[in-house]
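Colleague: Below: one structure in structure tokens.
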Amino acid sequence: MNNPISAQPYVLYLLGVAILFLGVVSSPFGQERPPSGPQTYELRCRGGGLAFKDEPAGPGALGRSVKVTINFMAGAQPSGSRKPTNLNSGQCSWVDRGFRKGEPTQIRLQKPGRDFARMQETLAGSDRYWTFQVYNTNNGYLQSTRDMEWVPNN
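Note that this note's numbering has the sequence shown beginning at 13, numbered continuously upward.
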């Protein structure tokens with residue numbers, strides 16, 4: 013005769029094993045990975061006076077890549093998020109504060125050539141803006157890890 017009470021410990025054992033298995037398998041997927049690399053900060057720039065320099069960096073996943081250097085004038089105030097911004101043509105500034113004495117006024121990044129051409133064309137006019145996620149390399153320039161066009165609120 014089958015006794016349902018004697019099967020209960022075995023069922024609980026299997027249930028425990030299943031829960032442990034699911035916990036081990038799913039835990040890396042359910043957690044956010046800790047950030048790797050240096051902390052970055054948002055830098056916003058206004059077009060119409062930025063100095064661009066580029067050089068070939070070789071083939072990349074999205075076509076030919078270029079190493080880009082952008083020289084800018086340091087903003088004394090935070091960039092602001094509304095039009096008109098606190099930025100003059102060719103100026104960049106931090107979102108939360110102006111530049112401090114000695115902070116680099118050069119951004120370096122690498123991107124596909126066609127994306128660089130679009131960036132350069134967009135920033136030719138002083139009515140357009142770009143944002144960069146950067147960190148200070150302590151070698152005289154800010155390294156960008158991400159960039160995109162920025163449109164201030166009206």
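Cβ atoms here follow ideal geometry from the backbone N, Cα and C, with glycine treated the same way.
These figures come from a predicted structure and were not determined experimentally.
How far does the alpha helix (DSSP H) with R130 in it reach, from first residue to last?
Modeller: Where R130 is concerned, the enclosing alpha helix (DSSP H) stretches over 125 to 134.
Colleague: Would you list the one or two residues that DSSP bridges to V146?
Modeller: In the DSSP output, where bridge partners are listed per residue, V146 has Y53, S156.
Colleague: Would you check whether the ligand GTP has a heavy atom nearer than 8 Å to the C-beta of Y153?
Modeller: Absence of the ligand GTP from the depicted structure is noted, as is the absence of any ligand whatsoever, leaving it without description.
Colleague: Run through DSSP, which three-state label would N100 get?
Modeller: DSSP places N100 in coil when its eight states are reduced to three.
Colleague: Taking the beta strand (DSSP E) that N166 belongs to, which residues open and close that run?
Modeller: No beta strand (DSSP E) contains N166, which DSSP labels as neither H nor E.
Colleague: In the structure shown, what three-state DSSP assignment does R140 receive?
Modeller: In this structure, R140 counts as coil in the three-state DSSP scheme.
Colleague: By Cβ distance, which residues of its chain are closer than 6 Å to N83, with the 5 residues on each side in sequence left out?
Modeller: Answer for N83: A63, Q118, listed in chain order.
Colleague: My output table needs one value for T81: the three-state DSSP class, helix, strand or coil.
Modeller: Here T81 sits in strand by DSSP.
Colleague: Suppose the cutoff is 7 Å on Cβ atoms and the five residues either side in sequence are ignored; what does the same chain contact list for D108 look like?
Modeller: If we look at D108 and ignore the five residues flanking it on each side, its Cβ neighbours are P90.
Colleague: What is the DSSP secondary structure of A86, reduced to helix, strand or coil?
Modeller: Strand, per DSSP.
Colleague: Count the other CB atoms, across all protein chains shown, that sit within 10 Å of the CB of P116; report buried if there are 16 or more and exposed otherwise.
Modeller: With 16 or more Cβ atoms within 10 Å of its Cβ, P116 is classed as buried.
Colleague: Within 10 angstroms of its Cβ, does T157 collect 16 or more other Cβ (buried), or is it exposed?
Modeller: Counting Cβ neighbours within 10 Å, T157 comes out exposed, since fewer than 16 surround it.
Colleague: Quick check: the Cα distance between W162 and Q132, rounded to an integer number of angstroms?
Modeller: If you take the alpha carbons of W162 and Q132, they lie about 14 Å apart.
Colleague: Got a sec? Which residues, its chain only, sit under 6 Å from Y147 by beta carbon, not counting five neighbours each side?
Modeller: Hits under 6 Å: P50, T52, Q155.
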